[in-house]
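Here's the structure we're looking at; comments come further down.
There are 2 protein chains.
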Amino acid sequence: MRQSLLFSKTTKEAPKEEISVNAQLLIRAGFVDKLMAGVYSYLPLGFLVLGKIEEVIRQEMNRIGGQEIFLPALHPKTNWQQTKRWGYPEMFKLKNREGKEFGLGWTHEEIITPLARKFISSYKDLPVYIYQIQDKFRDELRAKSGLLRGVEFLMKDLYSFHRDEKDLDRYYEKVKAAYLRIFRRCGLKKETYLTLASGGTFSRYSHEFQTMTSAGEDTIYLCSKCELAINKEIIEKEKFTCPKCGGKKLEVRKTIEIGNIFKLKNKFSGPFNLIFKDEDGKEKEVFMGCYGIGLGRLMGTIAEIHHDDKGLVWPGEVAPFRVHLISLTGAEKEGEKLYRDLLDQNIEVMYDDRKDKSAGEKFAEADLIGIPLRVVVSERTLQKNCLELKKRGEQKAKLIKIKEIKKCLN
Amino acid sequence: MRQSLLFSKTTKEAPKEEISVNAQLLIRAGFVDKLMAGVYSYLPLGFLVLGKIEEVIRQEMNRIGGQEIFLPALHPKTNWQQTKRWGYPEMFKLKNREGKEFGLGWTHEEIITPLARKFISSYKDLPVYIYQIQDKFRDELRAKSGLLRGVEFLMKDLYSFHRDEKDLDRYYEKVKAAYLRIFRRCGLKKETYLTLASGGTFSRYSHEFQTMTSAGEDTIYLCSKCELAINKEIIEKEKFTCPKCGGKKLEVRKTIEIGNIFKLKNKFSGPFNLIFKDEDGKEKEVFMGCYGIGLGRLMGTIAEIHHDDKGLVWPGEVAPFRVHLISLTGAEKEGEKLYRDLLDQNIEVMYDDRKDKSAGEKFAEADLIGIPLRVVVSERTLQKNCLELKKRGEQKAKLIKIKEIKKCLN
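Chains as they are written, first to last, in the numbering used here: chain A, 1 to 410; chain B, 1001 to 1410.
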């Protein structure tokens, strides 16, 4: 992509009402635009990052047997009445011209469970794992944290269906491992803690993946003995003792929840009569699990964790491009050639080919945008038959021979 | 993908209330499920087709310089008041808990135009081409045509921004060509006519891409002299004469509109004050074009055109898989080996490995699902060291040597 053609532009100042660091940086660097509180547009750079995150999630979901589908956002009232969740205050409700009532989906148990009933009737149809990446809506009053708390937000939601609790438990552990791989690939491994959270009325615990950041709105207690984290909402019940090792030294952390996995058991198969005939000929209720990750929230969290005072510092696998190639005055011809070479090698590159920007402006913008590797070609570097390489986040640049660029990128 | 693990199942009967052929076939074959009138879930097979269509569209949009973004579905009332379109009867409206009003987007001029204003200020910023593939909503009373008329539907919408009408005209022709490439790649070339349609109050004509099918709800008049089509809505104004060649022999056709391109000119840049400074230093209004394709409608149209009495017949580029491999009793081992070989060669294959289905059942289901190439391995074919190959839509199968399968797929 040529930067001269890029739709978005960087700005020095973020909108004043935007108080979160992730939104400030992502707006200034031209990744997103705020339409209203909790509702953001993804601009070309932001869309690229979103696509990278989506691909990481998709690969890990497919690896654990997930089949991808796409469910509607517009839901009939009746489905939600069946589970007595129509009254949920954060659900947007609307009517069509004929007065029929609908809700906008903030989760999809009410849709996937009756759908699964059409295809599951025997133990032979189980287990099955279904997921989607889809837009959700939530009437959220405190949407002040940029991409961390959305009114409209993309979410990956996986639903698993099992013949018994043992099989659910087995798959639950597989999802746990897949989630840890996703967060590692998104550059959040070090800061993310598997956290015990409330299991609702039917499971003792669920698990959250909580990432340590000062922007977080959650509080966890971290056991310094066994590294288990416990969400504040349940720690009081546990009398400030680690439920795993009994440790009493718990450290408080501000965190953001970037994933949640939940054993639904038969909570939804009951209301929707999702039953199957087992090998013994008996009809039994299907056991379910649900597993969510918000993509925008994940992107916002990455921005909260990976930035410095100059701008964003994208982890490699979710960066919009791998290389930010910059040509300075007098080196345009070599810049063009290098750009074509990198494209020929299938390397994702943004090429700053702009002629009306100074070197200083180009470097400042590159730092703000945060592509992992900056490659500069200028009259000065060309005199030495060289390019200047600098990793984002490192201070020192180094000169390399032009013909060695391939090696440095592999 | 192993068919034994596939979430969906085929059925012999479609739901009784479903009168359209596309929905009947797509539901019976397990591609989609109807949640309510005009609102469908895409199941794994349907999601694969949707992905293929999406990829064709994305490639052609990128080829004409499109930059992909992702805009929200939830819109502030104020944006729509600015263009006096808030009263549009097919717009879903809703309120949040604080009483603030929103609409669900059925198009995005009201969002993209003020967004473009943040980045366009000089002639140097033009032209620019922005598109998205995104979920739209329309309070549609007559949603009886399956995927052809959606209440919730995925749409590709491209918006172009230009310094003058001449540049808009130039790009408009490029989009026209891109659209024809898209419909050709989706297998609709022969049936699709470029059609003159109403240009609203500010352009003489817009263009539609109308596909001939008995399921269509539109009527076009086709000039038998120059092959131009004219939408019924404007033919009376033209006094039943072809506006291009003056021909008077016009044939009536039932069609479905699968694409629409429109010169918006300054219709939206006016209300949103989208202006730029030209080379002569003067401030001028930006000229815009908009270009839409409904992905679900395209999928439904492909189903209407490409089926026979046994089921769907997918065109190669949008088929869910390239090969439907079927192993019969006694050939399971060779089936497994072949399945692994095809995967190793990166060929998209669905493998019918089910042990509880007869050959007849497997063949009938394969015909219903409509994957382009059926490959059968059985005791009978193995005796001759062969496989049986049959193209969907052709009657005759042929035997080929197992080791020649690679050649037949290339």
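Heads up, the beta-carbon is just placed ideally off N, CA and C, and yes, glycines get one too. All figures in this text were calculated on a predicted structure; none of them were measured in a lab.
Rounded straight-line distance, which links the Cα of Trp80(A) to that of Lys100(A): Separation of Lys100(A) and Trp80(A) (C-alpha to C-alpha, rounded to the nearest whole angstrom) is 14 Å.
Candidates Lys190(A), Ile261(A), Ser269(A), of which the one nearest Gly199(A) by Cα: Ile261(A)
Beta-carbon proximity check, Arg97(A) vs Asp1139(B), cutoff 7 Å: yes
Residues that Asn1273(B) contacts on chain A, provided the C-beta gap is smaller than 9 Å: Residues of chain A passing the Cβ test: none, with the nearest at roughly 17 Å.
CB contact check: Pro72(A) to chain B, cutoff 7 Å: yes
Ser203(A), DSSP secondary structure in three states: coil
Cα-Cα separation between Asp1353(B) and Lys1337(B), rounded to whole angstroms: 12 Å
Collapsed DSSP secondary structure at Pro76(A) in the structure displayed: strand
Phe92(A) versus Lys1095(B): straight-line alpha-carbon distance, rounded: Their backbone Cα atoms lie some 7 Å apart in a straight line.
Distance between Phe1137(B) and Val1432(B) (C-alpha atoms, nearest Å): Residue 1432(B) lies beyond the residue range present for chain B, which begins at 1001 and ends at 1410; the question has no answer from this structure.
Asp278(A) versus Leu222(A): straight-line alpha-carbon distance, rounded: 42 Å
Under 7 Å between C-beta atoms of Asn22(A) and Glu257(A): no
Endpoints, alpha helix (DSSP H) assigned at Tyr1171(B): 1165-1185
According to DSSP, residues forming a beta bridge with Asp218(A): Thr255(A)
Simplified DSSP assignment, three categories, for Leu312(A): In the three-state reduction of the DSSP assignment, Leu312(A) falls in the strand class.
Local Cβ density within 10 Å of Gln3(A), reported as buried at 16 or more and exposed below that: buried
Interface flag, Pro320(A) vs chain B, CB-CB below 7 Å: no
Nonlocal neighbours in the same chain, by C-beta distance under 6 Å from Val1376(B), ignoring five residues either side: Ile1326, Glu1388
Residue of Gly1103(B), Gln1134(B), Gly1065(B), Lys1248(B) minimising C-alpha distance to Leu1126(B): Of Gly1103(B), Gln1134(B), Gly1065(B), Lys1248(B), the residue nearest in Cα terms is Gly1065(B).
Start and end residues, alpha helix (DSSP H) containing Gln1059(B): 1044-1063
Element boundaries [alpha helix (DSSP H), containing Met299(A)]: 295-305
Residue-chain proximity (Pro1044(B), chain A), Cβ-Cβ < 7 Å: yes
Residue interval of the beta strand (DSSP E) (run including Lys225(A)): That residue, Lys225(A), is in no beta strand (DSSP E); it is neither H nor E in DSSP.
Nearest neighbour of Phe272(A), chosen from Lys239(A), Lys174(A), Thr78(A) [CA to CA]: Sorting Lys239(A), Lys174(A), Thr78(A) by C-alpha distance to the C-alpha of Phe272(A) places Thr78(A) at the top.
Complete runs of the beta strand (DSSP E) confined to the stretch 342-391 of chain A [at least 3 residues]: 349-352, 373-377, 386-391
Under the three-state DSSP convention, the category Leu158(A) falls into: Of the three classes helix, strand and coil, the one that applies to Leu158(A) here is strand, per DSSP.
Identity of the residue in Asn1346(B), Glu1348(B), Leu1342(B), Gly1393(B) nearest Phe1363(B) by Cα: Gly1393(B)
Beta carbon proximity, Asp135(A) to chain B, threshold 7 Å: yes
Beta carbon proximity, Met155(A) to chain B, threshold 7 Å: No, Met155(A) does not count as interfacial toward chain B.
Element boundaries [beta strand (DSSP E), containing Gln134(A)]: For Gln134(A), the enclosing beta strand (DSSP E) covers residues 128-137.
Local Cβ density within 10 Å of Pro429(A), reported as buried at 16 or more and exposed below that: The first residue shown for chain A is 1 and the last is 410, placing residue 429(A) beyond what the model contains.
Alpha-carbon spacing of Ile1112(B) relative to Met36(A), whole angstroms: Going by C-alpha positions, Ile1112(B) is about 14 Å away from Met36(A).
Limits of the unbroken beta strand (DSSP E) element including His197(A): With the sequence shown as reference, residue 197(A) is identified as Ala, and His is not the correct amino acid for it. Looking at the DSSP string, the run of the beta strand (DSSP E) that includes Ala197(A) is 192-198.
Chain B within 7 Å of Val49(A), Cβ atoms only: no
is_contact[Lys15(A), chain B] using C-beta, thresh 7 Å: The displayed chain sequence assigns Pro, not Lys, to residue 15(A). Output row for Pro15(A): interface = no.
Cβ separation of Tyr205(A) and Leu196(A), assumed to be a contact under 8 Å, to the nearest whole Å: 5 Å
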